[in-house]
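This report concerns only the one structure given below.
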Amino acid sequence: MNFTAQLHEYAQWRKNTAQAIEMYCEWCERYELADEQVTGELLGILNALNSARITLAFAAEFLRGKTELMNALFYSEMGLKLLPSAVESARSCPSELFYDEAGCYIRLLDIDTRLDDSSLIECKRNSENWTQIDLDCDSPEQIQEAFKELLAVKKVSREHAYKLGLWNEREANRSGLLDAEELEIPCWRYALISLPHPILKQGLSILD
1 MNFTAQLHEY AQWRKNTAQA IEMYCEWCER YELADEQVTG ELLGILNALN SARITLAFAA
61 EFLRGKTELM NALFYSEMGL KLLPSAVESA RSCPSELFYD EAGCYIRLLD IDTRLDDSSL
121 IECKRNSENW TQIDLDCDSP EQIQEAFKEL LAVKKVSREH AYKLGLWNER EANRSGLLDA
181 EELEIPCWRY ALISLPHPIL KQGLSILD
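Numbering (the working numbering), first residue to last: 1 to 208.
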């Protein structure tokens with residue numbers, strides 16, 4: 001069984017299990033057998049099933065074809081390359097691609113959130129930390145243009161870059177930036193990307 005078939009089987013299992021839980025809750029309610037604690041636990045399981053994803057992380061050395069592989073995956077459905085080229089991707093922020101029924105969007109986490117002690121999981125719980133770009137699923141060109149924001153950079157002082165954990169003296173010396181007063185850094189720490197791709201709809205999440 002290939003990966004696509006396995007993913008479809010997993011999605012079908014989630015759907016069938018969720019339906020069984022919903023039917024059981026309705027049956028208990030109908031015959032006044034519902035228990036508040038048990039119902040709460042079942043609803044928790046139901047929420048977990050609806051949000052569960054299989055995460056696939058792409059990891060490879062620079063210029064090994066990782067970006068091209070991911071673009072090929074989306075090209076077949078959308079007819080265009082979404083992710084930055086191999087050379088550009090060196091400046092791109094880490095990204096998480098998935099499907100969210102709430103809509104198609106790119107949510108970007110400001111790089112300055114590295115200054116506090118909040119983990120990425122904690123940041124995900126606070127919508128105020130994110131800048132959202134809504135995607136028009138009927139306009140591949142608009143989506144492609146929006147993806148360019150992943151490459152956004154800004155100039156900051158060397159001291160600020162150090163506080164963010166983005167200053168490496170050895171690397172700066174190698175790049176001829178050891179005496180630079182300002183440095184170019186990514187604007188974004190992380191990107192959450194919701195797309196209506198068939199395999200993402202089946203519960204796959206991709207980390208780049």
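Quick reminder that beta carbons are idealized off the backbone N, C-alpha and C, glycines included.
- A straight-line Cα-Cα distance of about 24 Å links Glu29 and Ser51.
- DSSP places Leu33 in the coil class of the three-state scheme, outside both helix and strand.
- With contacts defined by Cβ atoms closer than 8 Å, Gly203 and Ala57 do not form a contacting pair.
- Look at Leu150 here: in three-state DSSP terms it is helix.
- Short of 8 Å from the beta carbon of Pro196, and not among the five residues preceding or following it, lie these beta carbons of its own chain, in chain order: Tyr99, Cys104, Cys137.
- Tyr105 sits in a strand when the DSSP states are folded into three classes.
- Within a 10 Å sphere around the beta-carbon of Trp13 sit fewer than 16 other beta-carbons, which makes this residue exposed.
- For Arg158, the uninterrupted alpha helix (DSSP H) run begins and ends at 158–163, by DSSP.
- No residue range can be given for Ile111, since it is assigned to no alpha helix (DSSP H) and is classified by DSSP as neither H nor E.
- Of the residues Asp208, Glu101, Glu181, Ser95, the one whose Cα lies closest to the Cα of Trp188 is Ser95.
- Sorting Asp117, Leu115, Arg125, Ser118 by C-alpha distance to the C-alpha of Arg107 places Arg125 at the top.
- Pro196 has no beta-bridge partner at all, per DSSP.
- For the pair Leu115 and Val156, the CB atoms are not nearer than the 8 Å cut-off.
- As computed with DSSP, Leu204 is found in a beta bridge with Ile54.
- Between Ser205 and Ile45, the alpha-carbon positions lie close to 20 Å from each other.
- Ile193 and Gly40 have their C-alpha atoms some 30 Å from each other.
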